[in-house]
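Under the working numbering, residue 404 is the last one in the sequence shown; the count climbs by one each step, no gaps.
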Amino acid sequence: MVGASLGCALGNKPFRIAIVEAHTNVTENTPPSYDDRAIALSYGSAQIFRAMGLWQDISPYVTAITKIHVSDRGHWGMTRINSCDEKVEALGYVITARTLGKILYQYLDNVKNIDFIRPARVSNLKLNTDAAKVTLDLDGQSQTLHTRLIVAADGDRSSARNMLGITTKEHDYQQTAIISNLSTSKPHNNVAYERFTCSGPLALLPMTASPITEPSLPDSSKSSNRCSLVWTQHNDNTDDIMALDDAAFLKKLQHQFGTRLGRFTHVGKRASYPLRLIEAKPQTQQRFVLIGNAAHTLHPIAGQGFNLGMRDVATLAQIIMENESTATDIGNTEALSAYQLWRKQDHRRIIGFTNTLVRVFSNRFAPLSLVRNVGLISTDICPPLKHLLAKHSMGLAGKLPRLARGLPL
Ligand SMILES: Cc1cc2nc3c(=O)[nH]c(=O)nc-3n(C[C@H](O)[C@H](O)[C@H](O)COP(=O)(O)OP(=O)(O)OC[C@H]3O[C@@H](n4cnc5c(N)ncnc54)[C@H](O)[C@@H]3O)c2cc1C
């Protein structure tokens, strides 16, 4: 999704671009990006798609998040963030990854300056001073491309990273995210819930009832009793929870979440994702840059992974365009170091924020639970603190590139 989004940002710009993807289509079940997981797009990511001219294609398929409700099971602490207080129509938008993938592919297939080569695997990379060389494996046939810049957005197991011997800092959280879609007896009213429980954090994102392949129904007929679940569990518990039948699964979940959304009436297919933090270093070299999960893979607790990748996209696209307009080589080390320097603070902030949430809210130590509840309440009653939290969650903190400010490149 991150690589395809960069392609869309640079569509119809004065470059010839090749996008290489190992899988053929989004309808296949295999590409890791394009499964049924629901992605909470931050306000900032929606802004980037708007400035790229893609929001009109995406917006019919999204569900707006107008409130975020954060609570700690068994304790009194809670925080509520409201779009009205932040003076925006929505704090973020929920869309399934598969739907977003289809829209991005449709755009890439129809834009003139992009060759979308799929299915093909990058099998070798060589970075030379004057050009980089990419070797592709196309169904057993080898092909070579020469380019001024390689952008690797090949995910958490990035083979480009390995080919160039780039090291990673990794932490296994020993946790697994279980995802599914749920029906509830009460409407979600566009509220996203984040609930911290002794068995791990649990998020419920609002969704419309329309099938993912069709636009949301008009407001009057829209059913809002469908939510997307991300339930984090310690690895030791995951197999048992995945093995439960639907009724037992819903009962266990209901016990952890409570009745804010009434009864859970139905659960869809479940999938599980083991969770690790990965940080690559360095993320740029002459003629090469890593973006998205290949550069940083996060815990999904705060729904920030793709949003962080979208800010990589917006920043890199701007730096490429600025260098091109002054006839500067877009693969030169200085240009790419400027990119890395710009992104460093945002990467650090989001990784730090995500890690703190995982550590503080996955801990049963009683004094810590008191501290986190005081934290939740203080945030709820202190508007400046709440505004700061909202700004970070919405992807509007720090120095923003043009696309993230809603301006064209
Ligand atoms: C349960 C869960 C919930 C999440 N929820 C959110 C959320 O609400 N909000 C949010 O912002 N983020 C969320 N995320 C994170 C988000 O899903 C990821 O950050 C995002 O999908 C990363 O996209 P990517 O394009 O960088 O990498 P990937 O999705 O891994 O894509 C990499 C692509 O590279 C291709 N590829 C790999 N190797 C090669 C090769 N050698 N040659 C050619 N192609 C290759 C693959 O086929 C793939 O298409 C969530 C993650 C999980 C696990």
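Think of the CB as a built atom: it goes at the ideal place given N, C-alpha and C, for glycine as much as any other residue.
{"query": "Beta-carbon proximity check, Ser180 vs Gly257, cutoff 8 Å", "result": "yes"}
{"query": "Local Cβ density within 10 Å of Tyr93, reported as buried at 16 or more and exposed below that", "result": "A small fix is needed here, since residue 93 is Arg in this sequence, not Tyr. Buried, because 16 or more other Cβ atoms sit within 10 Å of the Cβ of Arg93."}
{"query": "Inter-residue Cα distance where the pair is Met316 and Ala4", "result": "10 Å"}
{"query": "Three-state secondary structure assigned by DSSP to Ile60", "result": "strand"}
{"query": "Extent of the continuous alpha helix (DSSP H) run through Cys3", "result": "-3 to 4"}
{"query": "Beta strand (DSSP E) runs wholly inside the stretch 117 to 168, at least 3 long, in chain order", "result": "127 to 133, 136 to 142, 145 to 147"}
{"query": "Inter-residue Cα distance where the pair is Leu383 and Asp80", "result": "12 Å"}
{"query": "Option in Leu159, Thr74, Ala46, Thr292 with minimal Cα separation from Leu404", "result": "Ala46"}
{"query": "Spatially closest choice to Glu165 from Ala275, Gly195, Ile345, Gly401, by CA coordinates", "result": "Ala275"}
{"query": "Length of the line joining the Cα atoms of Val65 and Pro379", "result": "17 Å"}
{"query": "For Gly39 and Asp234, the rounded distance between their alpha carbons", "result": "36 Å"}
{"query": "Unbroken stretches of the beta strand (DSSP E), 3 residues or longer, contained in the stretch 251 to 287", "result": "259 to 262, 266 to 276, 283 to 285"}
{"query": "When Gln281, Gln136, Gln335 are compared against Ala127, the one with the closest alpha-carbon", "result": "Gln281"}
{"query": "Span of the alpha helix (DSSP H) around Leu415", "result": "Missing from the structure shown is residue 415; the chain here goes from -4 to 404 and no further."}
{"query": "DSSP-derived helix/strand/coil call for Gly195", "result": "strand"}
{"query": "Ligand 1 heavy atom lying under 7 Å from the CB of Arg221", "result": "no"}
{"query": "Nearest neighbour of Leu86, chosen from Gln138, Leu331, Leu36 [CA to CA]", "result": "Leu36"}
{"query": "Spatial distance of Leu99 from Ala(-1) (CA atoms)", "result": "6 Å"}
{"query": "Own chain, CB closer than 8 Å to Ile12, minus 5 neighbours either side, in chain order", "result": "Gly2, Leu5, Asn108, Ile109, Asp110"}
{"query": "Among Arg354, Gly401, Arg397, Leu402, nearest to Asp167 - alpha-carbon criterion", "result": "Arg354"}
{"query": "Opening and closing residue of the beta strand (DSSP E) in which Ala41 lies", "result": "From DSSP, Ala41 is part of no beta strand (DSSP E) but of the alpha helix (DSSP H) over 38 to 46."}
{"query": "Rounded separation between Ile294 and Gly287 - CA only", "result": "Just to set this straight, residue 294 is His in the shown sequence, not Ile. Approximately 13 Å, taken between the alpha carbons."}
{"query": "Given 8 Å, three or more beta-carbon pairs between the stretch 303 to 311 and the stretch 236 to 247", "result": "no"}
{"query": "Between the CA atoms of Arg113 and Asp31 - distance to the nearest angstrom", "result": "21 Å"}
{"query": "Cut-off 7 Å between Cβ atoms - residues of its own chain near Thr323, not counting five sequence neighbours on either side", "result": "Ala330"}
{"query": "Cβ-based neighbour list, Pro206, same chain, cut-off 6 Å, excluding 5 preceding and 5 following", "result": "Bear in mind that the predicted position of Pro206 carries a pLDDT of just 44, short of 50, making it unreliable; the figure below should be weighed with that in mind. Result list for Pro206: empty, nothing under 6 Å."}
{"query": "Residue from Ala41, Leu140, Thr351, Gly135 whose Cα sits closest to the Cα of Val15", "result": "Leu140"}
{"query": "Any non-hydrogen atom of ligand 1 within 7 Å of His300 CB", "result": "For the sequence presented, residue 300 should be read as Gly rather than His. Yes - ligand 1 has a heavy atom lying nearer than 7 Å to the Cβ of Gly300."}
{"query": "Local Cβ density within 10 Å of Ser320, reported as buried at 16 or more and exposed below that", "result": "exposed"}
{"query": "beta-carbon Glu16 near ligand 1 non-hydrogen atom, thresh 7 Å", "result": "yes"}
{"query": "Contact test: Ala85 Cβ vs ligand 1 heavy atom, cutoff 7 Å", "result": "no"}
{"query": "Residue from Gly150, Val262, Gly304, Thr124 with nearest C-alpha to Thr328", "result": "Thr124"}
{"query": "Contact test: Ser154 Cβ vs ligand 1 heavy atom, cutoff 7 Å", "result": "yes"}
{"query": "Cβ-heavy atom distance, Asp80 to ligand 1, below 7 Å", "result": "no"}
{"query": "Per DSSP, cross-strand counterpart(s) of Ala333", "result": "Paired residue(s): none; Ala333 is not in a bridge."}
{"query": "Cβ pair Val89, Val57 closer than 8 Å", "result": "yes"}
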